Structure formats: structure tokens, C-alpha cells
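S.K.: Have a look at this one.
Number of protein chains: 2
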Amino acid sequence: MKKKLKFTKNIFNENQESEKKKKILASAIKIIGDKGYQNATIAEIAKDAGIGDATIYEYFKNKEDLLLSIPVEVTKELIPQINDHMMGIKGALNKLRKFIWWWLNYVEKNPGYGSIVLLELKTSKTYVSNEAYQAARNFYKIVLDIIKEGQEEGSVKKEINIFLARSICVGAIEHIIIRWLLKDRRYSLTQYADELADLLIDSFKKEESTTSKEP
Amino acid sequence: MKKKLKFTKNIFNENQESEKKKKILASAIKIIGDKGYQNATIAEIAKDAGIGDATIYEYFKNKEDLLLSIPVEVTKELIPQINDHMMGIKGALNKLRKFIWWWLNYVEKNPGYGSIVLLELKTSKTYVSNEAYQAARNFYKIVLDIIKEGQEEGSVKKEINIFLARSICVGAIEHIIIRWLLKDRRYSLTQYADELADLLIDSFKKEESTTSKEP
DNA sequence: TTTATTTTCCGAATAGAATTCGGAAATTCC
DNA sequence: GGAATTTCCGAATTCTATTCGGAAAATAAA
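In C-alpha cells:
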């Protein structure tokens, strides 16, 4: 493999992260996801990644930057993945159901990441002004777009405020995940998907039956 | 005022917290609510309370214990307060509307406390095994009781899972508050109360019209 | 191949903040 | 008033993020 050329490192790495950086991020997800941001130490993350403490600072500004980089990088993979799963599904409400199922399932399989995104991130002072916040917005924009689509195709009530509807969906999903993360995680998270989807869909959907003049 | 007797301090203080402890808690709410748990220092809290750093450790086991004590103490005041506001309101769905309004309004007026409860608390490693978690449960039990009451009086659909309904309510409320806390807080939070209540109520309520045989 | 330059890495020092310790000051008891 | 007890806190300790300076490795130049 060709090695990096002089002065080209930064440009070269814009898309292709160095292996070392990826390794640090993986260790950070593992350690922070397990112990929480406060109890995770740079020393332990460095050790897990097989490097010296100081080396982390070659790749990340500081501990907070390391934390915030996690959702930025992971979301880059996640959004294409969920879009892929969405393909071929007809009807906004069916897509909403799929989204709920997919996200619960993902967190159940990656509780460390879920814990970082849903518990640790928001306490970061610089979160909203960071790229990580945009990543979260992009992710939840999927829900907003589904609701919009539903209004356009006529399956979702026109009179509801789509932003409020998104808040209800995302809020409910996150709340259920957070309970699961905080508790022992013994039960399956995915089992809630259908019932939650039923209730949400029921509150958004336009009644099909007696809508037109006379049946 | 009679001073404390030998050996009776702990028993005596079970209900009546010492003034100093209250002062520390007030300063902690102020500082942590403003800067966040990580950026708030014991030194600054102590200074604000007009005492030495080490004195805080006479009243709280450590910084985390201080954080967790905040919701425990505040909830003791809050639950009676909200119950008071609930009095005289007829109908579970009207109570739900009131609860939503009251809680949004409280956070708008006490954003520091809101920030502690909704952003900082859950990252604490010992949260679920702490009294603070019970305090949060007690607080949100109000919502669960309202939904139950609604099913009993016939205003809420019998077929919905009340725990899920509670998750949706609480999740949606918290999500809206968190957005407000993270963003600039320039707009009014209370303004969302009615629209949110409308949407939630609409999804829980039993259709009144054609339920009985023939009107 | 040798030498110069640039990049990567990290051991050791620094600094900031939580927590502990020992004893002084204040209060209560007799 | 003096002994016992409690309250308070200055100073020392410890733990950890972060910085610094330079060694090691990689790359370019000769």
C-alpha cells in the first residue's frame, strides 16, 4: 500500500480515517459505553487501543472531543444503513414502524453506543454547537421526513404539527431505550417495537373509514 | 430556638434538614444547573454557600451524592405542589393537560433544576440504585395514575397499555424540555403545553360519540 | 545507500479538582 | 467553668486530563 505523502495527510484523511483513529474510537465506545464518560479514563482507553495516553491527543483535541466524535463517525454508517432497510417499504406508517423496530434493535445489539448517545452526550457543554448535534438531527430527520411523507400520501392527519409529532415519536423511543439502559437490560428491547408503533401510528393516522362523504 | 441534643442529630434531621445543608443544596442547584455537573466545582459551590470546601463533605458523601440529593429534596416539595394544583380538576384528561402545563411551566421558571434532572442525573453510575431514581418514579407515577383513572372513568381507551402510554407522555414532555434546555431557551416552553396535550389526549381518549349502542 | 526532513508516538512533567486528615473553633452538657 | 461533643475548614493527598520535549519511525532528498 502506498504510504502517505508529505503534507497530504490531512486532506487524505478527510474521508479515510487512519486505522489508529478508528481503533481509538472503537476503544472509546467500548470503555465509555461500559463505564460512562466520567468513569472512563484516557489511560484505560489508550491501553485498550494499545497506545500511549498522549497519542490520543494527536487525534482528538481532548476527552470531550473524543466523546463527541463517536456519534459523528457512527452516524455516517448508520444513516445509509437505515435507509437501506427502508427500501421497498410502502406507506409512511409502515416505514415508521420499521424505523422504530430498527433503532430499538440496533441499541439492543449496541448498548454501549446507545448509552453514549442517549445518556452521556447531552451533558457535554459544547454539544449543541458541535458536529455531533447535527449528526443527531440528521438521524432524527428520518422520522420527520416519514411524517411529512405520510401527510402527502394522505395516511397521516393533515392537522397535526409535524415537529410535535416527531418530538412525540423520538421522545417515546428514547424514553423506552433509556429505561432499558438504566435497568438491568435483562428483557428484550425490541419486543416493545410493535406495541409502541401501534400506539404512535394510531394517534397520527387519518381515519380511513368515514372520511369521505358517505360510505 | 432549641439547639440539637447529643446523639439526636440524625434522627432529628430526618425531616428537618439543617439550614446549612439546604444552603449547600441551593448553591449546588444554582451552580450545577448553570454550568453542568462536570464543570461545576466543589470549590465554587462551597464559595457560593459561604463555607469551606471540606465542609460539604460533612453533609454529603461526595460530589455525586450531592448531585443525587438535589432531586430527592426538591421532589419532596414538588409532589405536594402538583397535587395541590390538581385539586378540583374533573376528568383524567383534563388532569393530564394540567400536569403537562405545570411541569413545562416549572422547568421554564427553574431551568437549572430542569437541567440537572433531565440532563445530568442519568449519567450518574449509581442513579438507579439511588433514592433519586425513586423520586423520579414517584413524580412520574402521577402520570400513570392519571391514565389509570382515565380508564376507570371511561375516558381513556381500555385497550392501551398504561405503561406504554406513560412512556409516551413522559418521553414526549422530556424531549421537548431537553430541546429547549439545549437550545437558547429564548422561546417560551409553556406555549407547547396545549398542543402537546391535544395530541396526546387525542391518542388516548376513547371516542365518545358512537360508543354506546344508539345515541 | 546515506542524510535530511517530516511525521508519529509517548514518557515524564504539569496542573486542576475531588477527597481526606488532623486539629482548631464552636457548641452543648454537667 | 470545664469537659465532651459537634462543626468546620486549611492543608496535604490523590487521581486524572493535558502538555511538553524529544525519541523513534517514516519519508524524501542526495
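Protein chains in written order, with the working numbering: chain U, 1 to 215; chain H, 1001 to 1215. A virtual CB, placed ideally from N, CA and C, is assigned to each residue, including glycine. Computed from a prediction, not measured in an experiment: that's the story for all the values here.
Using the C-alpha atoms, what's the distance from F60/U back to K9/U?
M.R.: With a pLDDT of 37 at K9/U, under the threshold of 50, the modelled position of that residue is not reliable, and no figure is offered here.
S.K.: Helix, strand or coil, according to DSSP, for K1205/H in the structure here?
M.R.: Strand at K1205/H.
S.K.: Just list the alpha helix (DSSP H) runs in the region 103-165 of chain U, keeping only unbroken ones of 4 residues or longer that don't cross its boundaries, in chain order.
M.R.: Whole alpha helix (DSSP H) segments, 4+ residues: 111-115 and 131-153.
S.K.: Does the region 1049-1057 of chain H come within contact of the region 1164-1172 of chain H, defined as at least 3 CB pairs closer than 8 Å?
M.R.: Flag = no, the region 1049-1057 of chain H and the region 1164-1172 of chain H do not touch.
S.K.: Since L217/U and L181/U should fall inside the 8 Å C-beta cutoff, what is the C-beta to C-beta distance between them, to a whole number of angstroms?
M.R.: Within the shown structure, residues of chain U are numbered from 1 to 215, placing residue 217/U beyond reach of any answer.
S.K.: Output, in sequence order along the chain, the residues in the region 1165-1194 of chain H whose CB is closer than 8 Å to any CB in chain U.
M.R.: Listed by position along the chain: A1165, S1167, I1168, V1170, G1171, A1172, I1173, E1174, H1175, I1176, I1178, R1179, L1182, K1183 and Y1192.
S.K.: In three-state terms, what does DSSP make of K1047/H?
M.R.: Looking at K1047/H - three-state DSSP - the assignment turns out to be helix.
S.K.: What is the residue span of the alpha helix (DSSP H) that D65/U lies within?
M.R.: Unbroken alpha helix (DSSP H) run through D65/U: K63 to M86.
S.K.: Can you look up K1213/H in the DSSP assignment and give me helix, strand or coil?
M.R.: In this prediction, K1213/H has a pLDDT of 41, which is less than 50 and means its spatial position is unreliable; nothing more can be read from the coordinates.
S.K.: Assign T1126/H to buried or exposed, taking buried as 16 or more other Cβ atoms, counted over all protein chains shown, within 10 Å of its Cβ.
M.R.: Exposed: under 16 other Cβ atoms inside 10 Å.
S.K.: With burial defined as no fewer than 16 other Cβ atoms inside 10 Å of the residue's Cβ, what is the status of S203/U: buried or exposed?
M.R.: Flag for S203/U reads buried.
S.K.: Residues of chain U with a CB under 8 Å from the CB of Q1081/H: which are they?
M.R.: Under the 8 Å cutoff, chain U gives no residues; its nearest Cβ is about 23 Å from Q1081/H.
S.K.: Quick check on the burial criterion: 16 or more other C-beta atoms within 10 angstroms. Buried or exposed for E1207/H?
M.R.: Result: exposed.
S.K.: Going straight from the alpha carbon of W217/U to that of A1040/H, what length do you get?
M.R.: The structure shown does not extend to residue 217/U, since chain U is modelled only from 1 to 215, so the question has no answer here.
S.K.: Quick check on G112/U - is its C-beta less than 9 Å from some C-beta in chain H?
M.R.: It does not; no Cβ of chain H falls within 9 Å.
S.K.: Interface residues of chain U around I1160/H at Cβ under 7 Å?
M.R.: The contacting residues are L199.
S.K.: For a test of the three-state rule: what should DSSP assign to G1171/H, helix, strand or coil?
M.R.: Correct three-state label for G1171/H: helix.
S.K.: Answer yes or no: does any C-beta atom of chain H fall closer than 9 Å to that of L119/U?
M.R.: It does; some Cβ of chain H falls within 9 Å.
S.K.: Could you check the C-alpha separation between R1186/H and V1107/H for me, to the nearest Å?
M.R.: Rounded to whole angstroms, R1186/H to V1107/H spans 14 Å at the Cα level.
S.K.: Exposed or buried, what is A1043/H when buried is set at 16 or more other beta-carbons lying within 10 Å of its beta-carbon?
M.R.: Classification of A1043/H: exposed, given that the 10 Å Cβ count is below 16.
S.K.: For N247/U, count neighbouring Cβ atoms within 10 angstroms of its own Cβ and tell me buried if that reaches 16, exposed if not.
M.R.: Here chain U has residues from 1 to 215 only, and residue 247/U is not among them.
S.K.: For chain H, is any of its Cβ atoms less than 9 Å away from the one on T123/U?
M.R.: Output row for T123/U: interface = yes.
S.K.: Name the chain H residues that come within less than 7 Å of L196/U, Cβ to Cβ?
M.R.: L1164, listed in chain order.
S.K.: When you check each C-beta in the region 21-52 of chain U against every C-beta of chain H, which residues fall closer than 9 Å?
M.R.: Going along the region 21-52 of chain U in chain order, one finds K35, G36, Y37, Q38 and N39 with a Cβ nearer than 9 Å to chain H.
S.K.: Hey, does K1206/H have any beta-carbon neighbour from chain U nearer than 9 Å?
M.R.: So no, K1206/H is outside the interface.
S.K.: Counting only beta-carbon atoms, is V143/U nearer than 9 Å to chain H?
M.R.: By this cut-off, V143/U is not an interface position.
S.K.: Measuring alpha carbon to alpha carbon, tell me which residue in N1062/H, Q1134/H, G1033/H and K1023/H is nearest D1048/H.
M.R.: Closest option to D1048/H, Cα to Cα, is K1023/H.
S.K.: Closest to I32/U by C-alpha separation, out of Q81/U, S115/U and I51/U, would be which residue?
M.R.: Closest option to I32/U, Cα to Cα, is S115/U.
S.K.: When you compare each of E1064/H, K1030/H, N1110/H and Y1113/H to T1123/H by their alpha carbons, which one comes out closest?
M.R.: Cα-wise, what sits closest to T1123/H is E1064/H.
S.K.: Can you name, in chain order, every residue of its own chain whose Cβ lies under 8 Å from the Cβ of D194/U, other than the five neighbours on each side?
M.R.: Here the set comprises R97 and W101.
S.K.: Do A92/U and V156/U come within 9 Å of each other at the CB atom, strictly closer than that value?
M.R.: Yes; because the gap between Cβ atoms is below 9 Å, this pair is in contact.
S.K.: CB-CB under 6 Å to P1071/H, same chain, minus the five flanking residues each way: which ones, in chain order?
M.R.: Same-chain partners within the cutoff: V1117, A1132 and A1135.
S.K.: Let me make sure I understand the geometry here. Which of Y1113/H, I1162/H, G1036/H and L1200/H has the alpha-carbon closest to that of E1073/H?
M.R.: The shortest Cα separation from E1073/H among Y1113/H, I1162/H, G1036/H and L1200/H belongs to Y1113/H.
S.K.: So, N1037/H versus E1153/H, is the Cβ gap smaller than 9 Å?
M.R.: Residue identity check: residue 1037/H is Tyr in the sequence provided, not Asn. Cβ atoms of Y1037/H and E1153/H: not closer than 9 Å.
S.K.: Spell out whether any CB of chain U is found under 9 Å from the CB atom of V1128/H.
M.R.: Chain U contact via Cβ: present.
S.K.: Taking a contact to mean a Cβ-Cβ separation below 9 Å, would you say I1142/H touches N1083/H in this structure?
M.R.: Yes, they are a contact pair.
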